[in-house]
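Reading through the structure tokens given below for one structure.
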Amino acid sequence: MKHLLSAGDLSLDEALLILDTAETMRETNARTIRKLPALRGRTIAIMFFEDSTRTRLSFEAAAKRLSADILNFSAKGSSLSKGESLKDTAQTLKAMGAEAFIVRHQASGAAHRLAASSWIDAPVINAGDGTHQHPTQALLDAFTMRRHLLGADRLGKDLSGKHVVIVGDILHSRVARSNVDLLHTLGAKVTLVAPPTLMPVGVQAWNCEITYDLDEAIAEGPEALMMLRVQHERMSAAGGGYFPSPEEYHRAYGLDLARSNALPEDAIVLHPGPMNRGLEISAEAADIDKSVVVEQVQNGVYVRMAVLYLLLAHGEEAA
503 MKHLLSAGDL SLDEALLILD TAETMRETNA RTIRKLPALR GRTIAIMFFE
553 DSTRTRLSFE AAAKRLSADI LNFSAKGSSL SKGESLKDTA QTLKAMGAEA
603 FIVRHQASGA AHRLAASSWI DAPVINAGDG THQHPTQALL DAFTMRRHLL
653 GADRLGKDLS GKHVVIVGDI LHSRVARSNV DLLHTLGAKV TLVAPPTLMP
703 VGVQAWNCEI TYDLDEAIAE GPEALMMLRV QHERMSAAGG GYFPSPEEYH
753 RAYGLDLARS NALPEDAIVL HPGPMNRGLE ISAEAADIDK SVVVEQVQNG
803 VYVRMAVLYL LLAHGEEAA
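Residues in the sequence shown are numbered from 503 upward in steps of one, following my numbering.
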């Protein structure tokens, strides 16, 4: 694995290696000194052309926990306003010593373009590109599911036989696409739930089942229910009109206490964040015991540590 561009590119063995390595990284959290020397002296460029809080901070924390140096680029206040391109930015950071590139971009395919180019010769990690892919989010979601659904005997194990329901704005969600790809590789059954207006064209060809009825999907007893953020910013750019009103959307596709109580007792509720409380999830449902949203954020650091280690440490010991 030279790059991490798409969850669909990962084989089962590669996905399990990342998840198992993340378990090792998680164990370091119990140490008094949590930093590892694995990437000491290595320099990582974090290039974000699109706003983010969780993903950026998570990658920063992961790189620092591995003792790497960071070159942090943000589109706001940068030379992009002067016309500098993705190519120029990457080559500038490469000239400053960057040995790996973490890229978030509003254009689908940007990370692939960078990895396939002759501009740099270094690992590229896709931190989210348009409505296309967000592989480390899918990996941290799978990591969280494994911990809760498989218990202590999870190392080397996939999610075969588990049922995951993903609900909400599928159309604009790179998280949904990435999760469908990875969960299929891990052997899980995936059901997508959304109004017809928020289902992508061609979704019938994805490796999942589709329904427009959330209550029907919950009645099947899924082990995991993932609520997706309604992406107002992308809807506004496209002219809106995807559902009549927030109230009607919440009634049909929102997770409230009644629906959360209808889930199996040991089921978990996930959300990639940030949450629109009162829209895709009620304030009460967001804080129930089944919710693992805060844990997802924590697990994101371990998964990203694992990805950086596997791409850059070249087999050196992690501790």
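Yeah, the Cβ is synthetic: ideal placement off N, Cα and C, and Gly gets one too.
Does the segment 697–717 come into contact with the segment 517–532, if we say contact requires no fewer than three beta-carbon pairs (one atom in each stretch) closer than 8 Å?
Touching, no, given that fewer than three Cβ pairs across the two stretches are closer than 8 Å.
Are V705 and L716 close, meaning C-beta to C-beta below 8 Å?
Looking up residue 705 in the sequence shown gives position 203. Looking up residue 716 in the sequence shown gives position 214. No, Cβ-Cβ distance for V705 and L716 is not below 8 Å.
Per DSSP, which residues does D571 bridge with? Please list them.
Here residue 571 corresponds to residue number 69 of the sequence shown, with the count starting at 1. Note: D571 sits in a beta bridge opposite T545.
What does the alpha-carbon distance come out to for the pair Y744 and R536?
Position 242 of the sequence shown, counted from the start, is the residue given in the question as residue 744. Position 34 of the sequence shown, counted from the start, is the residue given in the question as residue 536. Their Cα atoms are separated by approximately 46 Å.
How would you call L538, buried or exposed, if buried means at least 16 neighbouring beta carbons within 10 angstroms?
Taking the first residue of the sequence shown as position 1, residue 538 is located at position 36. Looking at its Cβ environment, which holds 16 or more other Cβ atoms inside 10 Å, L538 is buried.
From which residue to which residue does the beta strand (DSSP E) around V605 run?
Here residue 605 is taken as the residue at index 103 of the sequence shown, counted from 1. Run containing V605: 602–607, per the beta strand (DSSP E) assignment.
Is A629 near the ligand MG, in the sense that its beta carbon is under 7 Å from a heavy atom of that ligand?
Ligands are entirely absent from the displayed structure, and the ligand MG is therefore not among its contents.
If I measure Cβ to Cβ from R558 and keep anything under 6 Å in the same chain, skipping five residues before and after, which residues do I get?
To locate residue 558, count along the sequence shown from 1; it is residue 56. Sequence-distant partners of R558 (beyond 5 residues in either direction) whose C-beta falls short of 6 Å from its own C-beta, in its chain, are F550.
Is it buried or exposed, A726, if we count other Cβ atoms within 10 angstroms and call 16 or more buried?
Translated into the one-based positions of the sequence shown, residue 726 becomes position 224. Sixteen is the threshold: when 16 or more other Cβ atoms of the shown chains lie within 10 Å of the Cβ of A726, as they do, the residue is buried.
Would you check if the distance between the CB atom of N801 and the CB atom of F561 is smaller than 8 Å?
Indexing the sequence shown from 1 puts residue 801 at position 299. Indexing the sequence shown from 1 puts residue 561 at position 59. No, Cβ-Cβ distance for N801 and F561 is not below 8 Å.
Determine the direct distance from the alpha carbon of L759 to that of S784, and round the result to whole angstroms.
Along the sequence shown, one-based indexing puts residue 784 at 282. Along the sequence shown, one-based indexing puts residue 759 at 257. If I take the Cα positions, the gap works out to 8 Å.
Could you give the first and the last residue of the continuous alpha helix (DSSP H) run that contains L810?
As a first step, residue 810 is located in the sequence shown; it is residue number 308 there, counting from the start. 795–814 is the extent of the alpha helix (DSSP H) around L810.
Could you spell out the range, first to last residue, of the alpha helix (DSSP H) harbouring K596?
To locate residue 596, count along the sequence shown from 1; it is residue 94. From DSSP, the alpha helix (DSSP H) with K596 extends over 588–597.
Locate the alpha helix (DSSP H) running through I720, then write down its first and last residues.
Position 218 of the sequence shown, counted from the first residue, corresponds to residue 720. Its alpha helix (DSSP H) spans residues 716–721.
Beta-carbon separation of L814 and P625 under 8 Å?
Here the question's residue 814 lines up with position 312 in the sequence shown. Here the question's residue 625 lines up with position 123 in the sequence shown. Going by C-beta atoms, L814 is nearer than 8 Å to P625.
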